[in-house]
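Engineer: Before I ask anything, let me first share the structure, which is written out below as structure tokens.
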Amino acid sequence: KRGLGDNTAIWDRITLYKKPVAEPRDGNILNDTIEDFYKKLRDPDEKGAVFFAVCRGKVSEGLDFANDNGRAVVVTGIPFPNMADQRVKLKQKYLDLNARAPNKVKTLTGNEWYKQQASRA
1 KRGLGDNTAI WDRITLYKKP VAEPRDGNIL NDTIEDFYKK LRDPDEKGAV
51 FFAVCRGKVS EGLDFANDNG RAVVVTGIPF PNMADQRVKL KQKYLDLNAR
101 APNKVKTLTG NEWYKQQASR A
């Protein structure tokens, strides 16, 4: 991905200003990752840090980056539920069955519900 009017990638431009830290896939090392983020924030030789996390991930579920630990939040993307989750599959199947039932009440299909969940997150 290129920057506007130059050959610098967005990631490269971010790292010029802040030290990046990303939420790990392995939840067992999340505490170490957060400590690394705090260390970079407080390092007087650095210009701060930026923490990248995913919607519906460990970081988005109840962690508090209070005071100088979290000055801004930028959310990008659409946080769809995990399609591999058995509960999501069962809910979609249940809704699809009800949507096809011969009744007068219009209900959501599984796909409509899935899209709605992303907008609610």
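In this text, residue positions in the sequence shown follow UniProt numbering: the first is 1, and each later residue adds one. Glycine residues also receive a C-beta, built at the ideal position from the N, C-alpha and C atoms.
#1: Is A49 closer than 8 Å to F65 when the C-beta atoms are compared?
#2: Which of the three DSSP states is assigned to K39 in this structure?
#3: On a Cα-Cα basis, can you pick out the residue from V59, N69, N82, N67 that is closest to V75?
#4: Quick check on DSSP: helix, strand or coil for V105?
#5: Here's the rule I'm using: 16 or more other beta-carbon atoms within 10 Å means buried, otherwise exposed. How should A41 be labelled?
#6: Is it right to say V21 is buried, meaning 16 or more other beta carbons lie within 10 angstroms of its own, or is it exposed?
#7: When burial is assigned at 16 or more other CB atoms within 10 Å of the CB, is A84 buried or exposed?
#8: Between the alpha carbons of residue 173 and N111, how many angstroms are there, rounded?
#9: Out of D12, A53, R13, K39, point me to the one whose CA is closest to N69's CA.
Structural biologist: In brief:
#1: Counting from one through the sequence shown, the residue named residue 65 turns up at place 65. Counting from one through the sequence shown, the residue named residue 49 turns up at place 49. Not in contact: F65 and A49 (Cβ atoms no closer than 8 Å).
#2: Sequence index remark: in the sequence shown, residue 39 carries index 39 (1-based). It is helical.
#3: The count along the sequence shown starts at 1 and reaches residue 75 at position 75. Of the listed residues, the one whose Cα sits closest to V75 is V59.
#4: As a position in the sequence shown, residue 105 is number 105, starting the count at 1. In the structure shown, V105 sits in coil (DSSP, three-state: anything other than H, G, I, E or B).
#5: Walking along the sequence shown from the start, residue 41 turns up at place 41. With the sequence shown as reference, residue 41 is identified as Leu, and Ala is not the correct amino acid for it. With 16 or more Cβ atoms within 10 Å of its Cβ, L41 is classed as buried.
#6: Numbered from its first residue, the sequence shown carries residue 21 at position 21. Per the 10 Å Cβ criterion, buried.
#7: Taking the first residue of the sequence shown as position 1, residue 84 is located at position 84. The residue is exposed, with fewer than 16 neighbouring Cβ atoms inside 10 Å.
#8: Not covered by the structure: residue 173. The range shown for the chain is 1 to 121.
#9: Counting from one through the sequence shown, the residue named residue 69 turns up at place 69. Of the listed residues, the one whose Cα sits closest to N69 is K39.
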